Amino acid sequence: MPESAATFRRLYTTFGALIGLLVVTAAVSSLPSGWWSTPLSLLIATAKAALIFTIFMRLRDQPALVRIFALVGFFWLAIMLTLAAADYFTRFWPA
Amino acid sequence: MSAPAAPLPEAYADARQRDVANHLGMWAFLATEILFFGGLFLAYFIYRSTYPAAFAAGSRTLNFWRGTFNTAVLLGSSLSMALGDAYIKQGRRRALQVCLATTAVLGAVFLAVKASEYHEMYAKHLLPGRGFEAGAAPGLQLFVLLYFTMTGLHAFHMLVGLGLMAWLLRQNRRGRFTPARHAPIEMFGLYWHFVDCVWVFLYPLLYLIPR
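As structure tokens, then:
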């Protein structure tokens, strides 16, 4: 497919958004923290990764089959994390 | 264009189908990478929930600005990689060469900053094992061990990336890439962006643990 000026503009915009998100994470981390600090920083990291996946890694141009392949890795990861967490976080009960 | 388009292998009906197959195969590989790094993230979460104070203390031994700077450097290297991919699809080989070189330089800057951080950890007696800072909290050594394993594995991926980059730069100088033949650039880009994504998660988990 021919690459147009719009493609380049999209890449620069995405980079701007990524740097913006980086500034937000860094700024938030200097504020007083709470239980939400780590979930929030992980949420921002997920947003960054989603931008990289869809624009830089071109998932937006790919058919559904490729997108499913890309998500399957995270699906297995979620199974691994959930089952392991289910063990570790229920292993030690207070007496 | 100096190189002719590669003949389409028989297996494919058209070039689009070949491109999709390339992406599919690369994502299958990246799924194994997700699980590879995923095991370390799992260990990280388990030990962080077991030793929250030691992990917060460990995070404070790292330099916030170094981590933030390196994140920006990697995001920049991803941008230049994506630009290079777009340029070669327009047949602009020189522009691709500049983009690949920029990506390589930014990758090297990242590794240099990482190396200076490793050296600082060494100087502060924060290498896991014998001679580890005496009197440290029990979980601190685990944090540092995970820090070295996760960032070390990430840095190893970047070294592999820089090696492949040298090959791509050479191939491109010889005019091997054209708008019709650029799969190595696109597939290498997927690898490089993925390694960038891993760091995007390592950065808050290692450098930004709230106290």
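Those protein sequence lines, which keep their order, are chains A and B.
If you want our numbering, it's the 1-based position in the first sequence plus 1.
If you want our numbering, it's the 1-based position in the second sequence plus 18.
C-beta atoms are modelled at their ideal positions from N, C-alpha and C, and glycine is treated no differently.
Source: prediction; values computed, not measured.
Rounded to whole angstroms, GLY149/B and GLY157/B show a C-alpha spacing of 16 Å. Counted as a single uninterrupted DSSP element, the alpha helix (DSSP H) harbouring TYR165/B occupies residues 158–191.
Residue-level contact by beta carbon fails for PRO70/B and chain A, as no gap is shorter than 8 Å. Residue contact with chain B for VAL73/A: present (Cβ-Cβ distance below 8 Å to some residue of chain B). DSSP places TYR13/A inside the alpha helix (DSSP H), whose first and last residues are 6–30. Under DSSP, THR196/B shares a beta bridge with ARG199/B.
One thing to note: VAL131/B has its Cβ no nearer than 8 Å to the Cβ of HIS172/B. Taken in chain order, no unbroken stretch of alpha helix (DSSP H) lies wholly in the stretch 98–133 of chain B with a span of 4 residues or more.
With a contact defined as Cβ atoms closer than 8 Å, ILE203/B and PHE73/B miss out at about 40 Å. With its beta carbon less than 8 Å from one in chain A, LEU93/B belongs to the interface. The DSSP-derived three-state label of TYR30/B is coil. A residue is called buried when at least 16 other Cβ atoms come within 10 angstroms of its Cβ; TRP217/B meets this threshold and is buried. At a cut-off of 8 Å, the C-beta of THR14/A has no neighbouring C-beta in chain B. Cβ-Cβ distances below 6 Å link PHE55/B to VAL216 in the same chain, with the five nearest sequence neighbours on each side left out; the list follows chain order.
The three-state secondary structure of LEU80/B, taken from DSSP, is coil. Close to chain B, meaning a Cβ-Cβ distance shorter than 8 Å, are the following residues of the stretch 52–68 of chain A: ILE53, PHE54, ILE56, PHE57, MET58, ARG59, GLN63, PRO64, LEU66, VAL67. Per DSSP, LYS49/A is one residue of the alpha helix (DSSP H) stretching across 38–52.
Going by DSSP, ARG68/A is part of the alpha helix (DSSP H) stretching over 65–89. Of the candidates GLY85/B, PRO70/B, LEU224/B, GLY85/B places its Cα closest to the Cα of SER134/B. At a cut-off of 8 Å, the C-beta of TRP185/B has no neighbouring C-beta in chain A. Within chain B, the residues whose beta carbon sits less than 8 Å from that of ILE20/A are ALA90, LEU93, listed in sequence order. C-alpha of ALA33/B to C-alpha of ALA65/A: approximately 18 Å in a straight line.
Residues of the stretch 192–219 of chain B with a Cβ closer than 7 Å to any Cβ of chain A, in chain order: LEU208, HIS211, ASP214, CYS215, VAL218, PHE219.
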